[in-house]
Amino acid sequence: MLVVLGNCLQRLHHEMTIAQLSMLLEAQNTDGQTALHLACRRGSSELVRAILEYREADVDVLDKDGDPPLVFSLAAGSPECVRALIERGANVGSRLREGFGPSVAHVCAYHGQPDCMRELLLAGADPNAIDDEGESVLHRAVSKKYTDCALVILENGGCRSMDCSKFKKFDAFALVCSNMECGCCEKVGRSCIP
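At the far end of the sequence shown sits residue 236, using my numbering, and the numbering has no gaps.
Take a look at the structure:
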């Protein structure tokens with residue numbers, strides 16, 4: 043479907059009416075996914091950019107599960123697709139499950155994509171967001187032992203979400219490292235010993 047869409051967009055650029063173009067861009071598979079969802083899922087930044095050239099393309103369209111194309115780009119680990127969506131105005135503060143689930147930053151942390159996380163945080167995603175289970179973005183990355191992703195979160199202000207009040211000798215960074223043995227300290231040349 044993606045190859046066909048790419049070819050159609052290139053060949054029919056001048057021949058299509060706005061209505062025809064909108065129909066093509068809004069067409070959904072049985073899972074409610076559009077061509078933009080599928081291009082993001084494959085991590086095809088060229089096709090994502092080609093689709094986004096058309097103002098009729100909805101950058102935040104939801105599939106049947108309530109997932110926008112941005113979620114697919116994060117799962118694919120494509121910072122180029124993430125960047126293209128952000129440049130077109132994708133909502134980096136959106137939450138899944140009709141606004142009550144995890145944030146897109148949580149999704150990124152779950153998949154352990156540090157470059158995608160950096161794109162999200164630089165675009166304004168909240169590094170201290172708490173999901174519906176009480177977990178922070180940093181908690182999510184650390185629990186999956188995604189050290190590089192955890193470091194990006196920490197470097198971009200994601201330590202307020204760690205409740206360290208009962209650990210007087212540890213700051214958030216040291217607490218994360220000591221609890222998970224994630225290797226964060228070694229990567230930044232820091233000791234986690236209080």
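Where is the CB? At the ideal position from N, CA and C, for every residue including glycine.
- Alpha carbon to alpha carbon, how far is D157 from L116? Give it in angstroms, no decimals. 10 Å
- What residues in its chain sit with their C-beta under 6 Å from that of Y188, if we drop five residues either side in the sequence? G154
- Message: Measuring straight from C-alpha to C-alpha, what distance separates L80 and N71?
- Response: 10 Å
- So what does S145 bridge to, in DSSP terms? R137
- Message: Output needed for A183: all residues of its chain with C-beta closer than 7 Å, excluding positions within five of it in sequence on either side, in chain order.
- Response: A151, G154, C191, A192, I195
- Query: Would a C-beta distance cut-off of 7 Å place G200 and L180 closer than the cut-off?
  - Reply: yes
- Task: Please work out which residues of its chain come closer than 7 Å, Cβ to Cβ, to V134, disregarding the five sequence neighbours upstream and downstream, and give them in chain order.
- Result: I128, V146, L162, A165, G166, A167
- Item | Extent of the continuous alpha helix (DSSP H) to which E98 belongs | Taken as a continuous stretch (DSSP letters only), E98 belongs to no alpha helix (DSSP H), as it is neither H nor E.
- Query: Rounded C-beta distance between D174 and P144? I'm assuming under 8 Å.
  - Reply: 7 Å
- Task: Going by CA-CA distance only, name the one from C123, E197, R97 that's closest to L89.
- Result: C123
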